[in-house]
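Participant:
Protein chains: 2
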Amino acid sequence: MTSRPSFIQQWHEAAERNNSALCVGLDPEPSRFPAPWTNDPLRLFDFCAAIVDATADLVCAYKPQIAYFAALGAEGQLEQLIAHIRKAAPSVPVILDAKRGDIGATAQQYAREAFERYDADALTLSPYMGFDSVEPYLHYPERGLFLLCRTSNPGGGDLQTLALASARAGGSAHLGDELLFERVARLAAFDWNRHGQNGLVAGATNPADIERIRAVAPDVPLLIPGIGAQGGDLAATVRAARHSFLINASRSVLYASNGRDFADAARREARRLRDAINVEAHAAAHPHPTP
Amino acid sequence: MTSRPSFIQQWHEAAERNNSALCVGLDPEPSRFPAPWTNDPLRLFDFCAAIVDATADLVCAYKPQIAYFAALGAEGQLEQLIAHIRKAAPSVPVILDAKRGDIGATAQQYAREAFERYDADALTLSPYMGFDSVEPYLHYPERGLFLLCRTSNPGGGDLQTLALASARAGGSAHLGDELLFERVARLAAFDWNRHGQNGLVAGATNPADIERIRAVAPDVPLLIPGIGAQGGDLAATVRAARHSFLINASRSVLYASNGRDFADAARREARRLRDAINVEAHAAAHPHPTP
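First to last, the sequence lines map onto chains A and B.
Residue 24 is where the first sequence starts when you use this note's numbering, and the numbers rise one by one after that.
Residue 24 is where the second sequence starts when you use this note's numbering, and the numbers rise one by one after that.
(1) Just mark GLU205/B as buried or exposed, buried being the case when its beta carbon has 16 or more other beta carbons within 10 Å.
(2) Given a threshold of 16 other Cβ atoms within 10 Å of its Cβ, counted over all protein chains shown, does ALA212/B qualify as buried or as exposed?
(3) Taking C-alpha atoms, which residue in ALA128/B, GLU39/B and ALA121/B lies nearest to GLN132/A?
(4) Is the Cβ-Cβ distance between THR78/A and VAL47/A less than 7 Å?
(5) Between ARG5/B and chain A, is the shortest Cβ-Cβ distance under 7 Å, so that the two count as touching?
(6) State buried or exposed for GLY99/A, treating a residue as buried only when at least 16 other CB atoms are found within 10 Å of its CB.
(7) With a threshold of 7 Å between beta-carbons, can ILE126/B be considered close to chain A, or not?
(8) How would you list, in chain order, the residues of chain B whose beta-carbon sits under 9 Å from the beta-carbon of ALA289/A?
(9) Residues of chain B with a CB under 8 Å from the CB of PRO59/A: which are they?
(10) Suppose the cutoff is 6 Å on Cβ atoms and the five residues either side in sequence are ignored; what does the same chain contact list for ALA258/B look like?
(11) Taking beta-carbon pairs under 8 Å, can you tell me which members of the region 199-233 of chain A lie near chain B?
(12) Give me the subset of the region 141-159 of chain A whose CB atoms are less than 7 Å from a CB atom of chain B, sorted by chain position.
(13) Rounded to the nearest angstrom, what separates PHE154/A and ASP144/A at their Cα positions?
(14) By the DSSP assignment, the alpha helix (DSSP H) with CYS83/A in it spans what residues?
(15) Compare the C-beta of ALA72/A against all C-beta atoms of chain B and say whether one is closer than 7 Å.
(16) Taking just the CA atoms, how far does ILE126/B sit from ASN176/A?
(17) Would DSSP call GLY194/B helix, strand or coil?
(18) Could you name the residues of chain B that SER122/A contacts, counting a contact when the two beta carbons are closer than 7 Å?
(19) Can you look up ARG283/B in the DSSP assignment and give me helix, strand or coil?
(20) Which residues in the same chain as ALA240/A place their Cβ atom closer than 6 Å to its Cβ, once the five residues preceding and following it in sequence are excluded?
(21) Check whether the Cβ atoms of GLY167/A and GLN220/A lie closer than 7 Å to each other.
(22) Give me the Cα-Cα distance between CYS71/A and LEU104/A, rounded to the nearest whole angstrom.
(23) Does the CB of CYS163/A have a neighbour CB from chain B at under 7 Å?
(24) Going by beta carbon distance, what residues of the same chain come within less than 8 Å of GLU102/B, once the five residues before and after it are set aside?
(25) Using a Cβ-Cβ cut-off of 7 Å, state whether THR129/A counts as contacting chain B.
(26) Whose Cβ in chain B lies nearer than 8 Å to the Cβ of ASP63/A?
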């Protein structure tokens, strides 16, 4: 019986081979497809497969977003796409972005959906329901799990940045208070990380919060959206994340052009981003001495 | 153009007609199906449809859990099931249990999945990503939204019951601190409740926490799992919830028998639960004078 390479192994291998920390998110919106595919729900596969073919040597992972397929009843095209990635980009791992969150028997079903039906190498999860919403996925120790921690959207702070009351008797609210997302980071990185397979989702729109995450979870992989269309600061993000990160870009790559040249334009944008990330990573690792 | 009756209207109508606050959760596990359907993934529809036929006059809602269908690639059977509920139990609303949580364009796709593809009357959502993870669903003001608030599972307390630091300068952690789930209740019931369509998920395993929810959100509908297989206290739950609630039972109804009589057994258990809820609701509304 051959054992499956873990998500971590595949990711590291692809990152090294392609010299890349870029993850391309596959969020196919038919209204943004080039003619003659515009608005054609049967072209999700064709569109995404063209993006994969154009970027397979530039990325460390692909992240298909299941909602775009589910909205259109196109689960079959998602299965087809993942099979295509296996052929066109062997050993580039697939992170299924589904943000599942449920417990017990139901979480087992979601794990089965992600890891058996779609055969994804990693999955995004919501932490709100606590440990037993994560536990069923730990039965697939070779897969990666990325728990939502500090998300890149404006409302990400509605709950995630709330300060927790100190457990110390008489402790008062102050700057050193633990924030909710820091608790999530600590739980995911340690208490819930039985097999070392856990990572965190941390948005590039809040580099200071990525620093706070690194203070409590120095080594877990970070999946970082928010560069590109959402306008996160790449240099600050890379400095804060330090190492062991995947920078995700979706729309800025997929829709770099809406013409016939969309795949070439996606390749150019993916290469530009990959190289920009590498420049920032190099600068962060070799800071200029300040005079 | 006829306007669609709202979730609230349908729920109230079904609750009154069937004299019921019971919601039956449709979580089909083929391993628990009676012979000869045992382990047959093509029988999700047949099994659930038989449950619906046996309970249509006893419930105020049905709650299919999408994970059981998605794990098996059986989305078509879920579509078929919802269409069957429309015929066999007209005006009994369908709550799609999907616990979706994503933002912006992606949340729009999930809303489309739930409300257009499956035509559900209501949907469960995770609050962790904040307001912009709820906003896209508000564009369907006639549908119900149940946000996870205080869930019935053991790990529900890992995050949900964390005490928030008081905003008062020098405020110290004390019993009166707001808990995370209370903040979620307040946001969902007020700040995020533009069209009055929001409800909360609150588990019967923690009736004291349902009281706390009612203190901040006195009137929003509560979807209450945890009675039945999870062992929540029905009397305490009904007293705490007061009014405007749906008590969900899934496994205790679906698998009341694993023999040929499963549908009859489901009907007996659904009737027993419906009546038990009504007895407790009556007792809570007309407490005996204590001597």
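A virtual CB, placed ideally from N, CA and C, is assigned to each residue, including glycine.
Facilitator: Short version:
(1) Position 182 of the second sequence, counting from 1, holds the residue named residue 205/B. By the neighbour-count criterion, in which a residue is buried when 16 or more other Cβ atoms sit within 10 angstroms of its Cβ, GLU205/B is buried.
(2) Within the second sequence, residue 212/B is the residue found at index 189, counting from 1. Flag for ALA212/B reads buried.
(3) In the first sequence, residue 132/A corresponds to position 109, counting from 1. Ranking the options by Cα distance to GLN132/A, first place goes to ALA121/B.
(4) Along the first sequence, one-based indexing puts residue 78/A at 55. Along the first sequence, one-based indexing puts residue 47/A at 24. Their beta carbons are under 7 Å apart, which means THR78/A touches VAL47/A by this criterion.
(5) Because chain B in this structure spans residues 24 to 314, residue 5/B falls outside the shown range and cannot be described.
(6) Along the first sequence, one-based indexing puts residue 99/A at 76. GLY99/A should be labelled exposed.
(7) Your numbering for residue 126/B matches position 103 in the second sequence. Chain A contact via Cβ: present.
(8) Translated into the one-based positions of the first sequence, residue 289/A becomes position 266. What ALA289/A touches in chain B: nothing, since even the nearest Cβ is about 18 Å away.
(9) Taking the first sequence and counting its residues from 1, the one referred to as residue 59/A is at position 36. Per Cβ cutoff of 8 Å: no residues; PRO59/A is ~23 Å from chain B at best.
(10) In the second sequence, counting from the first residue as 1, residue 258/B sits at position 235. The answer, listed in chain order, is GLU303.
(11) Against chain B - using a Cβ distance shorter than 8 Å - the residues of the region 199-233 of chain A are ASP200, LEU203, ARG206, VAL207 and LEU210.
(12) SER149, PRO150, TYR151, MET152, GLY153, PHE154, ASP155 and SER156
(13) What you label residue 154/A is simply residue 131 of the first sequence in a count that begins at 1. What you label residue 144/A is simply residue 121 of the first sequence in a count that begins at 1. Straight-line Cα distance between these residues: approximately 21 Å.
(14) As a working note, residue 83/A is residue 60 in the first sequence. Note, CYS83/A: premise wrong, no alpha helix (DSSP H); not H, not E.
(15) Your numbering for residue 72/A matches position 49 in the first sequence. Closer than 7 Å to the CB of ALA72/A there is not a single CB belonging to chain B.
(16) To locate residue 176/A, count along the first sequence from 1; it is residue 153. To locate residue 126/B, count along the second sequence from 1; it is residue 103. Looking at the two C-alpha atoms, the distance is approximately 7 Å.
(17) Here the question's residue 194/B lines up with position 171 in the second sequence. The predicted model places GLY194/B with a pLDDT of 46, which falls under 50 and marks its position as unreliable, so this point remains unresolved.
(18) Residue 122/A sits at position 99 when you count from the first residue of the first sequence. The sequence shown places Lys at residue 122/A, rather than the Ser named in the question. Residues of chain B passing the Cβ test: GLY124 and ASP125.
(19) Within the second sequence, residue 283/B is the residue found at index 260, counting from 1. If DSSP states are grouped into helix, strand and coil, ARG283/B belongs with coil.
(20) For the purposes of this step, residue 240/A is taken as residue 217 along the first sequence, with counting starting at 1. So the qualifying residues of the chain are ALA208 and ALA212.
(21) Here residue 167/A corresponds to residue number 144 of the first sequence, with the count starting at 1. Here residue 220/A corresponds to residue number 197 of the first sequence, with the count starting at 1. Going by C-beta atoms, GLY167/A is nearer than 7 Å to GLN220/A.
(22) The count along the first sequence starts at 1 and reaches residue 71/A at position 48. The count along the first sequence starts at 1 and reaches residue 104/A at position 81. Taking the straight line joining both Cα atoms gives about 7 Å.
(23) For the purposes of this step, residue 163/A is taken as the residue at position 140 of the first sequence. The residue you asked about is not Cys; residue 163/A is Tyr in the sequence shown. No, TYR163/A lies away from the interface with chain B (no Cβ there is under 7 Å from its Cβ).
(24) Within the second sequence, the letter at position 79 stands for residue 102/B. ARG140 and TYR141, listed in sequence order.
(25) On the first sequence, position 106 is the one that residue 129/A refers to. Cβ-Cβ to chain B under 7 Å: yes for THR129/A.
(26) As a working mapping, residue 63/A is identified with position 40 in the first sequence. Scanning chain B for C-beta atoms nearer than 8 Å to the C-beta of ASP63/A yields nothing, as the closest lies near 16 Å away.
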